Amino acid sequence: GQQVMQIPQYQHVQEGEDFTTYCNSSTTLSNIQWYKQRPGGHPVFLIQLVKSGEVKKQKRLTFQFGEAKKNSSLHITATQTTDVGTYFCAGLTSSNTGKLIFGQGTTLQVKP
Amino acid sequence: DGGITQSPKYLFRKEGQNVTLSCEQNLNHDAMYWYRQDPGQGLRLIYYSQIVNDFQKGDIAEGYSVSREKKESFPLTVTSAQKNPTAFYLCASSNGGRVTQYFGPGTRLTVL
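Same order as they appear, the protein sequences are chains A and B. Note that the first sequence covers residues 103 to 214 in the working numbering. Note that the second sequence covers residues 10 to 121 in the working numbering.
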């Protein structure tokens, strides 16, 4: 079946270091979304990428969508303790269903 | 306030009992979703509904049932047939034309 793989599963960084999580789909995606879940909380939408090769920035966060629309990445520059949480990518294969396929998530720990 | 509410936040049940989790939204969203979250496995789709009186099975529907009699409500019943029901359950909704999903705070179900 359709799968979205996300790596790494866990990442521990020192505050100020950079962080990247990668997402790969077995099929071409219509779009990809990124969500953040704080410890004990629920996923919150961060951003959506639609176009091939698209790059979007939100302050220290940079999101990329691959040329083939099968992979994506989230890069955080100079991590802060507020970045702690689990980051999920979620791919949409068909806009007709609205059904997202979530990656397993990358849990980020930041040491102060 | 607009949003999605799930109740209760924590729920304990004895093995063999059915239990119904509540999900209500006042965002006027057409689509609603139920996910199960286990540690290290991301979000897995149980059921989703794109319109009132209609719903489809997700990836792990066995042992669960839903109804969608009202646009605002999408309750999930965890039946005794679900072999490992202890998990964190998340409800989400989205506007029909967009697929960004808005999540409720979740219900943590523990079956003793």
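Cβ atoms here follow ideal geometry from the backbone N, Cα and C, with glycine treated the same way. All values reported here derive from a predicted model rather than from experimental measurement.
Would you mind sorting A:Asp-120 into buried or exposed? The rule is 16 or more other CB atoms within 10 Å of its CB.
Numbered from 1 along the first sequence, position 18 holds the residue referred to as residue 120 of chain A. Residue burial annotation: A:Asp-120 is exposed, with fewer than 16 other C-beta atoms found within 10 angstroms of its C-beta.
Buried or exposed, going by whether 16 or more other CB atoms sit within 10 Å of the CB of B:Lys-18?
Taking the second sequence and counting its residues from 1, one reaches residue 18 of chain B at position 9. Label assigned to B:Lys-18: exposed.
Do you know how far the Cα of A:Gly-155 is from the Cα of B:Leu-30?
Taking the second sequence and counting its residues from 1, the one referred to as residue 30 of chain B is at position 21. Taking the first sequence and counting its residues from 1, the one referred to as residue 155 of chain A is at position 53. Approximately 41 Å between the Cα atoms of the pair.
Cβ of B:Arg-53 less than 9 Å from any chain A Cβ?
Walking along the second sequence from the start, residue 53 of chain B turns up at place 44. Output row for B:Arg-53: interface = yes.
Could you tell me whether the segment 57-65 of chain B touches the segment 84-96 of chain B, where touching means 3 or more Cβ pairs closer than 8 Å?
no
What in chain A is Cβ-close to B:Pro-114, meaning under 7 Å?
Translated into positions along the second sequence, residue 114 of chain B becomes position 105. Here the neighbours are His-144.
Entirely within the segment 126-201 of chain A and at least 3 residues each: give me those beta strand (DSSP E) ranges in chain order.
For the segment 126-201 of chain A, the full-length beta strand (DSSP E) segments reaching 3 residues or more read 133-139, 146-151, 157-160, 163-167, 173-178 and 187-194 along the chain.
When you compare each of B:Gln-46, B:Gln-50 and B:Ser-16 to A:Tyr-112 by their alpha carbons, which one comes out closest?
Your numbering for residue 112 of chain A matches position 10 in the first sequence. Closest by alpha carbon: B:Gln-50.
A:Leu-176 and A:Thr-129: beta carbons closer than 9 Å?
The residue given as residue 176 of chain A occupies position 74 in the first sequence. The residue given as residue 129 of chain A occupies position 27 in the first sequence. Not closer than 9 Å, so no.
Residues that B:Leu-121 contacts on chain A, provided the C-beta gap is smaller than 8 Å
Numbered from its first residue, the second sequence carries residue 121 of chain B at position 112. By Cβ distance, chain A contributes nothing, its closest Cβ being about 22 Å from B:Leu-121, past 8 Å.
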